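Trainee: According to numbering that gives the first Met the number 0, the sequence shown is numbered sequentially starting from 0. Beta carbons are placed, not taken as given, at the ideal position from N, Cα and C, and that holds for glycine. The structure displayed is predicted, hence computed values, not measured ones. First, the structure itself, so that you have it in front of you.
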Amino acid sequence: MLVGFQYPKPELHRARAVALIFMLLSVTPVCIFVFIDIYKSILVKNFVTVIRHCTIVGPFLAVFFKIMLMHIKEKTAMQIINEINRDYELFNTMSPSYQEIIDASIANSLQYSEKGWAITVLCVVLIFPLMAAVLNVYNFTFKSEPAKYMVHDLPKPYGEPEERFDTPYFEIMFVYMVYCASLYIVNFVGYDGFFGLCINHACLKMQLYCQAFKEALASENMYEKIVGVIKEQNRLFKYVDLIQDTFNVWLGLILFATMIQICNCMYHITEGYELDLRYIIFITGTIIHIYLPCRYSAKLKYMSVETATLFYISGWEHVNNIPIRKMVLFMVARAQVPLEITAFNKLIFDMDLFVSILQTSYSMYTLLRS
């Protein structure tokens with residue numbers, strides 16, 4: 000996030016704005032070339048080329064939208080990070096029963112939200128420059144009349160189509176597009192991975208205060224410890240509200256963008272000139288991109304309701320203190336209200352939404368083919 004100028008630190012406010020302007024200026028030429036080719040392709044009704052360009056340039060422009068979004072949501076995003084830092088300072092002094100829960104949660108976050116997601120982004124993005132580089136090396140090594148391959152096939156705005164392979168234009172565009180690919184990687188790994196880490200931490204907070212409640216019932220200063228659990232429960236609700244406020248616009252964006260993206264990729268794969276491995280990997284990454292937020296949100300929803308069960312089976316019935324029993328009643332009742340993450344504060348993100356997105360994408364694809 001720091002490398003991609005998405006870290007919401009107030010001291011980086013000006014640097015982030017300057018970096019955004021610089022990056023926008025640096026990619027303006029390639030965007031102009033793409034839009035010119037899209038316009039020319041529309042005139043000759045070459046919709047395969049139009050869709051091929053839109054499939055790539057759409058997520059690319061989203062890179063800058065997310066930087067601007069984090070710039071706007073700087074305050075709430077920083078509150079999320081401060082809450083996570085505060086919790087991890089407390090984790091260092093917790094007993095072994097808590098450490099097992101914490102270690103399992105950290106391992107899960109490292110495996111899926113960090114390493115797994117980073118590998119997915121790297122595979123989706125690097126397949127384009129790597130395939131182009133490998134094919135170029137192979138052709139120049141083993142063929143008498145080698146063909147050249149660009150990272151993303153893009154004709155010169157004005158001139159003959161074959162002029163894009165002339166030296167030094169071809170080499171400059173190859174390096175230029177590798178630079179654009181690096182912006183993809185840094186941005187998508189940082190911002191999108193941050194959402195998964197936030198949700199996993201919310202689930203960890205719930206697991207920990209459920210464990211604290213169970214131990215509090217067997218403690219001598221039961222009342223004070225249960226009050227502490229209630230305070231942590233309230234902190235969790237505020238923490239989830241921060242997540243909702245920070246990410247709800249982004250979730251709405253990827254909801255509609257993914258439906259269009261899956262549709263475009265399927266159309267390009269089936270209606271293009273040949274089966275393209277790059278776009279098969281791209282559509283796989285796109286599906287994973289929408290699956291993970293839906294999966295994380297469903298996990299949060301399930302865990303929030305599960306805390307009611309964990310409270311109930313913790314042994315409160317053996318407590319004879321009436322005020323404490325009444326406190327438990329309210330804790331269980333509040334926990335029965337599921338915590339939900341929504342897009343645009345309207346559409347609930349869960350696995351049902353994921354299925355609906357795939358169904359809608361396929362419907363759009365069949366309509367586009369017809």
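What three-state label does DSSP hand Leu-299 in the structure shown?
Mentor: As a working mapping, residue 299 is identified with position 300 in the sequence shown. Leu-299 falls in the helix class under three-state DSSP.
Trainee: Quick one: measure Cβ to Cβ for Gln-232 and Ser-96, integer angstroms, because I've assumed they're closer than 8 Å.
Mentor: Within the sequence shown, the letter at position 233 stands for residue 232. Within the sequence shown, the letter at position 97 stands for residue 96. With a Cβ gap of about 19 Å, Gln-232 and Ser-96 do not count as contacting.
Trainee: Assess, as a yes-or-no matter, whether the stretch 25-33 is touched by the stretch 202-216 under the definition of 3 or more beta carbon pairs within less than 8 Å.
Mentor: No, they do not touch.
Trainee: If you compare alpha carbons, which of Val-331, Cys-264, Ser-369 and Arg-15 is closest to Phe-310?
Mentor: Position 311 of the sequence shown, counted from the first residue, corresponds to residue 310. Measuring from the Cα of Phe-310, the nearest candidate turns out to be Val-331.
Trainee: Taking only the alpha-carbon atoms, compute the straight-line gap between Thr-48 and Ile-259 and give it to the nearest angstrom.
Mentor: Residue numbering aside, residue 48 sits at position 49 when the sequence shown is read from its first letter. Residue numbering aside, residue 259 sits at position 260 when the sequence shown is read from its first letter. The straight-line gap from Cα to Cα measures roughly 15 Å.
Trainee: Nearest to Val-133 by alpha carbon, out of Ile-253, Val-150, Glu-88 and Val-120?
Mentor: Taking the first residue of the sequence shown as position 1, residue 133 is located at position 134. The candidate whose alpha carbon is nearest that of Val-133 is Val-150.
Trainee: Just the C-alpha distance for Lys-237 and Ile-261, rounded to the nearest angstrom, thanks.
Mentor: What you label residue 237 is simply residue 238 of the sequence shown in a count that begins at 1. What you label residue 261 is simply residue 262 of the sequence shown in a count that begins at 1. Rounded to the nearest angstrom, the two C-alpha atoms are 35 Å apart.
Trainee: Unbroken alpha helix (DSSP H) runs of length 4 or more, entirely within the stretch 215-258: which are they?
Mentor: Listed in chain order, there is nothing to give.
Trainee: In the DSSP assignment, the alpha helix (DSSP H) including Gln-358 goes from what residue to what residue?
Mentor: Against the sequence shown, residue 358 aligns to sequence position 359. Segment 350-368, the alpha helix (DSSP H) holding Gln-358.
Trainee: Do Val-120 and Ala-180 have their C-beta atoms within less than 7 Å of each other?
Mentor: Along the sequence shown, read from residue 1 onward, the residue named residue 120 stands at position 121. Along the sequence shown, read from residue 1 onward, the residue named residue 180 stands at position 181. Not closer than 7 Å, so no.
Trainee: Quick one: measure Cβ to Cβ for Lys-298 and Cys-202, integer angstroms, because I've assumed they're closer than 8 Å.
Mentor: Here the question's residue 298 lines up with position 299 in the sequence shown. Here the question's residue 202 lines up with position 203 in the sequence shown. Between Cys-202 and Lys-298 the Cβ distance is about 6 Å, and since that is below 8 Å, they are a contact.
Trainee: Using the Cα positions of Asp-36 and Thr-75, report the straight-line distance between them to the nearest angstrom.
Mentor: Stepping through the sequence shown from its first residue, residue 36 is reached at position 37. Stepping through the sequence shown from its first residue, residue 75 is reached at position 76. About 40 Å.
Trainee: Could you tell me which residues DSSP pairs with Leu-346 in its beta bridges?
Mentor: Position 347 of the sequence shown, counted from the start, is the residue given in the question as residue 346. Bridge partners of Leu-346: Ala-342.
Trainee: Taking the beta carbon of His-317 as the centre, do at least 16 other beta carbons fall within 10 Å, making it buried, or is it exposed?
Mentor: By one-based count along the sequence shown, residue 317 stands at place 318. Counting Cβ neighbours within 10 Å, His-317 comes out exposed, since fewer than 16 surround it.
Trainee: Kindly indicate the opening and closing residues of the alpha helix (DSSP H) around Ile-100.
Mentor: Taking the sequence shown and counting its residues from 1, one reaches residue 100 at position 101. Segment 95-107, the alpha helix (DSSP H) holding Ile-100.
Trainee: Tell me whether the beta-carbon of Trp-249 lies closer than 7 Å to the beta-carbon of Leu-11.
Mentor: Within the sequence shown, numbered from 1, the residue matching residue 249 stands at position 250. Within the sequence shown, numbered from 1, the residue matching residue 11 stands at position 12. Cβ atoms of Trp-249 and Leu-11: not closer than 7 Å.
Trainee: Using DSSP with H/G/I as helix, E/B as strand and the rest coil, what is Tyr-208?
Mentor: Mapped onto the sequence shown, residue 208 falls at position 209. Looking at Tyr-208 - three-state DSSP - the assignment turns out to be helix.
Trainee: Note the first and the last residue of the continuous alpha helix (DSSP H) segment covering Phe-164.
Mentor: The residue you call residue 164 lines up with position 165 of the sequence shown. Unbroken run through Phe-164: none, as it is neither H nor E.
Trainee: So, at 8 Å on beta carbons, what are the nonlocal neighbours of Gly-227 in its own chain, with the 5 sequence-adjacent residues on each side left out?
Mentor: Walking along the sequence shown from the start, residue 227 turns up at place 228. Ala-211 and Ala-215, listed in sequence order.
Trainee: Should Ala-334 be labelled buried (16 or more other beta-carbon atoms within 10 Å of its own) or exposed?
Mentor: Residue 334 sits at position 335 when you count from the first residue of the sequence shown. So Ala-334 ends up on the buried side.
Trainee: Give me the Cα-Cα distance between Cys-264 and Phe-63, rounded to the nearest whole angstrom.
Mentor: Against the sequence shown, residue 264 aligns to sequence position 265. Against the sequence shown, residue 63 aligns to sequence position 64. Approximately 22 Å, taken between the alpha carbons.
Trainee: Note the first and the last residue of the continuous alpha helix (DSSP H) segment covering Gln-78.
Mentor: Taking the sequence shown and counting its residues from 1, one reaches residue 78 at position 79. Gln-78 -> alpha helix (DSSP H) spans 73-90.
Trainee: Secondary structure at Gln-260, three-state DSSP: helix, strand or coil?
Mentor: Residue numbering aside, residue 260 sits at position 261 when the sequence shown is read from its first letter. Helix, per DSSP.
Trainee: Alpha carbon to alpha carbon, what distance is there between Pro-337 and Glu-305?
Mentor: Here residue 305 corresponds to residue number 306 of the sequence shown, with the count starting at 1. Here residue 337 corresponds to residue number 338 of the sequence shown, with the count starting at 1. Looking at the two C-alpha atoms, the distance is approximately 9 Å.
Trainee: Consult DSSP for His-151 and reduce its assignment to one of helix, strand or coil.
Mentor: Sequence index remark: in the sequence shown, residue 151 carries index 152 (1-based). His-151 falls in the coil class under three-state DSSP.
Trainee: Identify the continuous alpha helix (DSSP H) that holds Ser-25 and give its terminal residues.
Mentor: Counted from its first residue, the sequence shown places residue 25 at position 26. 12-42 is the span of the alpha helix (DSSP H), which, as asked, contains Ser-25.
Trainee: Taking 7 Å as the cut-off, decide whether the C-beta atoms of Thr-285 and Thr-257 are in contact.
Mentor: Start at 1 with the first residue of the sequence shown, and residue 285 comes out as number 286. Start at 1 with the first residue of the sequence shown, and residue 257 comes out as number 258. A contact, by the Cβ cut-off of 7 Å.
Trainee: Who are the near neighbours of Leu-352 in its chain, counting only those whose CB is closer than 6 Å to its CB and skipping five residues on each side?
Mentor: Within the sequence shown, numbered from 1, the residue matching residue 352 stands at position 353. Once the five neighbours on either side are set aside, the close Cβ partners of Leu-352 are Cys-293.
Trainee: If you reduce the DSSP assignment to three classes, tell me which class Asn-199 lands in.
Mentor: Start at 1 with the first residue of the sequence shown, and residue 199 comes out as number 200. Helix.
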